[in-house]
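Okay, structure first, notes after.
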Amino acid sequence: MYVCGLTVYNDMHLGHARTYVAFDVIRRWLIHSGYDVTFIQNHTDVDDKIIQKANEEGKSTADLANYYIDRTTEDMISLEIMEPDEMPKATEFIDSMISLISGLIEKNNAYVVEPAEGSSHSDVYFHVPSASEIFGTLTGQKIEDMEAGARVALDTRKQHPSDFVLWKGAKSDEPSWTSPWGEGRPGWHIECSAMSMHYLGEQFDLHGGGSDLKFPHHESEILQSESFTGVSPTVKYWMHTGFLAVSKEKMSKSLDNFLLVRDMLNDHSPQVLRFFLLNAHYRSLVDFDFDLLSESSSAYNRLSTTFSNYKNIRNSGSSEPSALFDSISTCRSKFNDAMDDDFNTREAISALFDFSRDVNKYEPSDLTEKSQLAVIDIFDELGGKVLGLFSYRNQSLSDEEIEDFISKRNSARENKDWSTSDQIRDDLLETGIELRDTPKGTRWRRL
Ligand code: AMP
Ligand code: ZN
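Per this note's numbering, the very first residue in the sequence shown carries number 97; after that it's consecutive.
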């Protein structure tokens, strides 16, 4: 699968997280279902906005882009998004893009035009009517509608209003590469044709992005790739995520209504953010507000508390109720049905809640070890490995080491040495281990 990556001129916001967490879970579910998944996600590291910001900051576009590639990669890791198998940068594939564009010119799908104002290097356009039978595959639009829509042709060098740029001639102070048409840089759409083809071939299974990428980005990608290879469809399944919005408006850098992932992570765990994002179908619009996030946080805590109550139990009993095993199979089958029905994470989460309610009827320590482990396993597998809702990162202390700290703290408490006892609790919390004193003793969980 190929997922369009970030244009790297700023930190990642919660809208980006929505899309990348959704595709992370889609990938995890495919792996869980037995598919061998190759996951490619590019970085767009040259583009108008990057050039503008680099100029403002007096940096090279490469320095600016690399800075944000590092930071957004950190953010993705913090959100426990699995690392892509390959993360190519557009600028590493300029030669492939030039070959693609040359091929399209040879096949009469593209044409060279005189330089734009302010440049002495030519541009190249894709001629949409040359592939009219392919146009509209994703969005159902017709070329005639495009003509009607385009009032005055803004760019008189275009042969048709819907033609789009494949290669932009360099203006002064812009990063550029040498091509048969002079110095310049690629258009955005050709990047993804070049990189997806390089890694996944002329036809591949799944291509994703946010719904704003359907048109023109993905429609253009189809036109370019299919005209060049003659193979159709170039992508078997296109998938597009709904927006994360604020008051129904897409969260975006340009609208200045964004919340950065790294800021959000100061106050919320990655698991709560993932839970919030996944508690909606990936195609639906999610309207963000803090009340909704705090409801999600409470709901998530209910779920994770059930899981940690089972994980942290140290005693077992003799009860092995068949109803518990029935609940496990019901949960598994509801979860599978939901995920197999267009990756319905909302329904899948609801299956985990039903299960959590069922198992809360039991006192974990009354159950046999087999029963306890069966509960832990299913939470771990479906909630943890598939949805990424339980952290595996915080394993710096082993369970035994944590238990040792707890017994030291208990001794301190017996000696009324409250400052040591508080210190141990605070130190553990710093490493992501929360202690809770209950009538049955101290319980702990990894946050
Ligand atoms: P960009 O860096 O703006 O090209 O965005 C990278 C990816 O994030 C694209 O697939 C966008 O569609 C997606 N994206 C950007 N903003 C949002 C949003 N508010 N909600 C969902 N996806 C978004
Ligand atoms: Zn793309």
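The C-beta atom is built at its ideal place from N, Cα and C for all residues, glycine as well.
Beta carbon of residue i, beta carbon of residue j: below 9 Å?
i      : j      : result
THR115 : GLY304 : yes
TYR458 : SER415 : yes
ILE147 : THR140 : no
LYS203 : SER328 : no
VAL482 : TYR406 : no
ARG346 : THR235 : The amino acid at residue 346 is misidentified as Arg; the sequence shows Lys. Not a contact, by the Cβ cut-off of 9 Å.
VAL99  : ILE127 : no
ARG370 : ARG167 : no
HIS377 : PHE439 : yes
TYR207 : VAL261 : no
GLN299 : SER487 : no
PRO417 : LEU478 : no
SER268 : ILE239 : no
VAL117 : ILE177 : yes
How is residue i classed by DSSP in three states: helix, strand or coil?
i      : result
VAL208 : strand
PHE300 : strand
GLY479 : helix
PHE189 : helix
GLY154 : coil
MET347 : coil
TYR333 : strand
GLN148 : helix
PRO225 : helix
ARG167 : helix
Mind checking which residues open and close the beta strand (DSSP E) that includes residue i?
i      : result
ALA470 : From DSSP, ALA470 is part of no beta strand (DSSP E) but of the alpha helix (DSSP H) over 465 to 474.
LEU531 : 529 to 534
SER275 : 273 to 275
Quick check: is any heavy atom of the ligand ZN less than 8 Å from the C-beta of residue i?
i      : result
HIS139 : no
LEU309 : yes
GLY297 : no
HIS313 : yes
TRP284 : yes
GLY305 : yes
Mind checking which residues open and close the alpha helix (DSSP H) that includes residue i?
i      : result
PHE222 : Looking at the DSSP string, PHE222 is not in any alpha helix (DSSP H); the run it does join, the beta strand (DSSP E), is 219 to 222.
ALA419 : 418 to 436
PHE324 : 315 to 325
GLY111 : 110 to 128
SER507 : 495 to 510
ARG370 : 366 to 374
LYS203 : Element bounds for LYS203: n/a, residue is neither H nor E.
ARG542 : Counting along the chain, ARG542 falls outside any alpha helix (DSSP H), though it belongs to the beta strand (DSSP E) covering 537 to 542.
How many Å lie between residue i and residue j at the Cα?
i      : j      : result
PHE339 : SER380 : 7 Å
SER365 : LEU485 : 10 Å
SER316 : TRP540 : 53 Å
SER390 : ALA227 : 50 Å
ILE194 : SER289 : 12 Å
ILE445 : LEU399 : 10 Å
GLU530 : THR330 : 50 Å
TRP545 : LEU302 : This structure cannot speak to residue 545, because the chain is shown only from 97 to 543.
GLY413 : ILE474 : 20 Å
TYR163 : MET108 : 12 Å
SER393 : VAL209 : 55 Å
ARG509 : SER517 : 6 Å
ILE286 : GLN320 : 7 Å
ALA419 : GLU526 : 39 Å
ALA280 : PHE403 : Sequence check: residue 280 is Gly here, not Ala. So the alpha carbons of these two residues sit roughly 56 Å apart.
PHE372 : ALA212 : 46 Å
THR134 : LYS349 : 30 Å
PRO184 : HIS294 : 10 Å
ASP533 : LYS430 : 35 Å
GLY214 : LYS254 : 17 Å
Nearer than 8 Å: is that true of the beta carbon of residue i relative to any heavy atom of the ligand AMP?
i      : result
ARG112 : A quick correction: the sequence has His, not Arg, at residue 112. HIS112 Cβ: within cutoff of the ligand AMP.
CYS427 : no
GLY338 : yes
SER348 : yes
With respect to 8 Å, is the separation between the Cβ of residue i and the closest non-hydrogen atom of the ligand MN below this value?
i      : result
GLY528 : The ligand MN is not part of the structure shown, which contains the ligand AMP and the ligand ZN as its ligands.
Any beta carbon from chain D within less than 9 Å of residue i's own beta carbon?
i      : result
HIS313 : The structure shown contains no chain D; it is built from a single protein chain.
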